[in-house]
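Visitor: Before anything else, here's the structure in question.
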Amino acid sequence: MNVNKLRHYILIADLLWAALSLVIAYALRYGVPGYTLALWKPFSVLGLEFVGALVIWVALHEWMGLDGFRGGWYLPAVFSRVFLGLLTLMASILAGAYLASAFVSRLVLAYFSILLFIGFVSIRWITQRTFRSRLATHIRRRVVIVGSGRTARELKTKIQRHPEILCYVVGCLSPSDAFIGSPEIKDTPRALPVKTLGIVDLLQTYEVDEVILVGASCAHNEMLNLAARCRNEGIQVSLVPELYELYLCKPNLLDLDGLPVLQLPQPTPLVTGGLKRAMDLVLSSLLLIPAAPVLATAAMMLRIQKGKAFRWEIRCGLRGQRFRMLRLNVKRNTPETVLERFLEQLSLTELPQLWNVLKNDMTLVGPRPESPERIDHYTEWERQRLSVKPGMTGLAQVHGLRDQHSSEEKCRFDLQYLLECSPFLDLSLLLQTIWTLIARSFRTPTPVKVATIETSPQPSPSLQEIVQSAHRTQSSAD
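If you read the sequence shown in this note's numbering, its first letter stands for residue 558, the second for the next number, and so on.
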């Protein structure tokens, strides 16, 4: 499941395209002379700037994760990351040219930027389509997941979202026969004994290339025995640890006489620091300019229809402190008129919260504010959401999670944001939010159903995803 080579190949393709783009940009600006040596003229004129640009792009590629696959193939994320990377690159080139008192044609730079953006996005799109095509089927590794529960299901979903790892999930080995006939895979409260005798033969029968052990999927000794036997038979072994959410913050690994110790880094003060606040003030002030006429029109129409344009809602902010959140007077999830459905579909009902951002009650990017009633039922782990100010948009929202989705789903995205928070991520999420709203505007609105308590059991796993065994249940990780 090593994708370092793929990232290096994408970086090499980026650098080659950058060289070609510079030639094309120079030709578009000054024309193409009739001799071959003219192809080298852009590099002789912009030699130092071009070399510096390549070095900067290599650094940005690693720091910003510009390969396009981190977090799964999500087109808005790819666009936003490449766009922000190119903005940083162009700003660095202009700053370097200014400090060196060198002349750089703005038209050449504009052509260069456009060509880079088109080429970089195309490289990632072609790579993604290639790995999802039938051409990659014969080189995919056959994988079996040993474990059950939410983590096993999530692992399979993430493998499907990452075609670049070239893996195909054959099935999932559950730790006990106790789940035969169960309509869903349930979490095991403790590690159950698993007899590893016969498992390796089963894996060889199905030509499995890799086994992924999920958490405490079986007893300690049995897990060691299974890993040892698989390695002896040439089957790759990978491990998804328990409490894997803690690994998102990139902990430091300490080796104490063979005992691995993971040291979690302290949260950066940038999360609640002055830079984030400065970004909020500048960007929210700029957003208020185009938002003001939209808000004025919507408020006037709502006042005519309902007699009241705005309403206040009590929400919990930083450290659980309560504040009044402003929004348009539209019923959440149950809009009554065409105007209300339009405002709700494009999330224009949340635009008044720019006022809360200016008041320092909220921030542009962060976990969505929750009501005091929901906060009272938070676990200690979920209460980490209260360590930062709530935001108008966040990681959960750009992935399509809204009020009708479970709080647990949104909380996991919010906690992931807390572990990876940075100014670059904030800008990327803002761009992805704009993309999401534009895409939603072209989507046909569907009637919103009132939430009800679901009592019927979930359907059984597909038989095509079950690997039969005489020793244990093997079910889908969906």
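Glycine residues also receive a C-beta, built at the ideal position from the N, C-alpha and C atoms.
Look at A900 and V887 and say whether their C-beta atoms are less than 7 angstroms apart.
Guide: For the purposes of this step, residue 900 is taken as residue 343 along the sequence shown, with counting starting at 1. For the purposes of this step, residue 887 is taken as residue 330 along the sequence shown, with counting starting at 1. First, the residue type needs correcting, since residue 900 is Leu and not Ala in the sequence shown. Yes, the Cβ-Cβ distance between L900 and V887 is below 7 angstroms.
Visitor: Would you mind sorting I680 into buried or exposed? The rule is 16 or more other CB atoms within 10 Å of its CB.
Guide: In the sequence shown, counting from the first residue as 1, residue 680 sits at position 123. When all chains shown are included, I680 counts as buried.
Visitor: Pop quiz: L810 and L770 are said to be a contact at Cβ under 8 angstroms. What is the actual Cβ separation, rounded to whole angstroms?
Guide: Counting from one through the sequence shown, the residue named residue 810 turns up at place 253. Counting from one through the sequence shown, the residue named residue 770 turns up at place 213. That belief does not hold up - the Cβ atoms of L810 and L770 are roughly 19 angstroms apart, past 8 angstroms.
Visitor: With a threshold of 16 other CB atoms inside 10 Å of the CB of S842, please say whether the residue is buried or exposed.
Guide: As a position in the sequence shown, residue 842 is number 285, starting the count at 1. By the neighbour-count rule (16 or more Cβ atoms within 10 Å), S842 is not buried but exposed.
Visitor: Under a three-way DSSP split, which group does W869 fall into?
Guide: On the sequence shown, position 312 is the one that residue 869 refers to. Three-state result, W869: strand.
Visitor: Nearest by alpha-carbon distance to S985: which of L643, L568, V580 is it?
Guide: Residue 985 sits at position 428 when you count from the first residue of the sequence shown. If we check each option's Cα against that of S985, L643 comes out closest.
Visitor: In the DSSP output, which residue or residues are listed as bridge partners for R884?
Guide: Counting from 1 along the sequence shown, the entry for residue 884 is found at position 327. R868, per the DSSP bridge assignment.
Visitor: Does the Cβ of W869 have 16 or more other Cβ atoms within 10 Å, making it buried, or fewer, making it exposed?
Guide: By one-based count along the sequence shown, residue 869 stands at place 312. That one is exposed.
Visitor: Leaving out five residues on either side along the sequence, give the residues of the same chain with a beta carbon under 8 angstroms from the beta carbon of L988.
Guide: Residue 988 sits at position 431 when you count from the first residue of the sequence shown. Cβ neighbours of L988 beyond the five flanking positions: P633, F636, S637, F640, L641.
Visitor: I'd like to know whether the C-beta atoms of Y974 and G951 end up nearer to each other than 7 angstroms.
Guide: Translated into positions along the sequence shown, residue 974 becomes position 417. Translated into positions along the sequence shown, residue 951 becomes position 394. Yes. Within cutoff.
Visitor: Using the beta-carbon count (16 or more within 10 Å), is S998 buried or exposed?
Guide: Along the sequence shown, read from residue 1 onward, the residue named residue 998 stands at position 441. With fewer than 16 other Cβ atoms within 10 Å, it is exposed.
Visitor: Using CA atoms only, rank isn't needed, just tell me which of P929, T920, E939 is closest to K946.
Guide: Position 389 of the sequence shown, counted from the start, is the residue given in the question as residue 946. Ranking the options by Cα distance to K946, first place goes to T920.
Visitor: Taking DSSP as the reference, what is the three-state secondary structure of E721?
Guide: For the purposes of this step, residue 721 is taken as the residue at position 164 of the sequence shown. Note: E721 maps to helix in three-state DSSP.
Visitor: Closest to W574 by C-alpha separation, out of V678, A616, A652, would be which residue?
Guide: Numbered from its first residue, the sequence shown carries residue 574 at position 17. That would be V678, whose Cα lies nearest to the Cα of W574.
Visitor: Any idea what DSSP makes of L816, helix, strand or coil?
Guide: Counting from one through the sequence shown, the residue named residue 816 turns up at place 259. Correct three-state label for L816: strand.
Visitor: At which residues does the beta strand (DSSP E) containing E698 begin and terminate?
Guide: Here residue 698 is taken as the residue at index 141 of the sequence shown, counted from 1. Residue identity differs from the one stated: residue 698 is Arg in this sequence, not Glu. Start and end: 698 to 703.
Visitor: In chain order, what residues of the same chain lie with their CB nearer than 7 angstroms to the CB of L832, ignoring the 5 residues before and after it?
Guide: Walking along the sequence shown from the start, residue 832 turns up at place 275. P980.
Visitor: Output needed for R564: all residues of its chain with C-beta closer than 7 angstroms, excluding positions within five of it in sequence on either side, in chain order.
Guide: One-based indexing of the sequence shown puts residue 564 at position 7. Cβ within range, chain order: D624.
Visitor: Helix or strand or just coil, what does DSSP make of I769?
Guide: Position 212 of the sequence shown, counted from the start, is the residue given in the question as residue 769. In the structure shown, I769 sits in a strand (DSSP, three-state: E or B).
Visitor: Please report the Cβ distance between P850 and L885, rounded to the nearest whole angstrom; I am assuming they are in contact, meaning their Cβ atoms lie under 8 angstroms.
Guide: If you number the sequence shown from 1, residue 850 lands on position 293. If you number the sequence shown from 1, residue 885 lands on position 328. With 8 angstroms as the limit, P850 and L885 do not qualify as a contact, their Cβ atoms being about 14 angstroms apart.
Visitor: Cα separation between I871 and A654?
Guide: Taking the first residue of the sequence shown as position 1, residue 871 is located at position 314. Taking the first residue of the sequence shown as position 1, residue 654 is located at position 97. Each residue's alpha carbon lies about 52 angstroms from the other.
Visitor: Can you tell me which of E893, L730, R876 puts its alpha carbon nearest to the alpha carbon of R710?
Guide: Counting from 1 along the sequence shown, the entry for residue 710 is found at position 153. The shortest Cα separation from R710 among E893, L730, R876 belongs to L730.
Visitor: Can you give me the C-alpha to C-alpha distance between T854 and D837, rounded to a whole angstrom?
Guide: Looking up residue 854 in the sequence shown gives position 297. Looking up residue 837 in the sequence shown gives position 280. The straight-line gap from Cα to Cα measures roughly 25 angstroms.
Visitor: Taking the alpha helix (DSSP H) that L666 falls in, what are its first and last residues?
Guide: Counting from one through the sequence shown, the residue named residue 666 turns up at place 109. 663 to 689 is the span of the alpha helix (DSSP H), which, as asked, contains L666.
Visitor: Given this structure, state the Cα-to-Cα distance separating Y566 from H618, to the nearest angstrom.
Guide: One-based indexing of the sequence shown puts residue 566 at position 9. One-based indexing of the sequence shown puts residue 618 at position 61. Whole-angstrom Cα-Cα distance: 12 angstroms.
Visitor: Assuming R942 contacts D918 under a Cβ cut-off of 8 angstroms, what Cβ separation, rounded to an integer in Å, is found between them?
Guide: Position 385 of the sequence shown holds residue 942. Position 361 of the sequence shown holds residue 918. With a Cβ gap of about 15 angstroms, R942 and D918 do not count as contacting.
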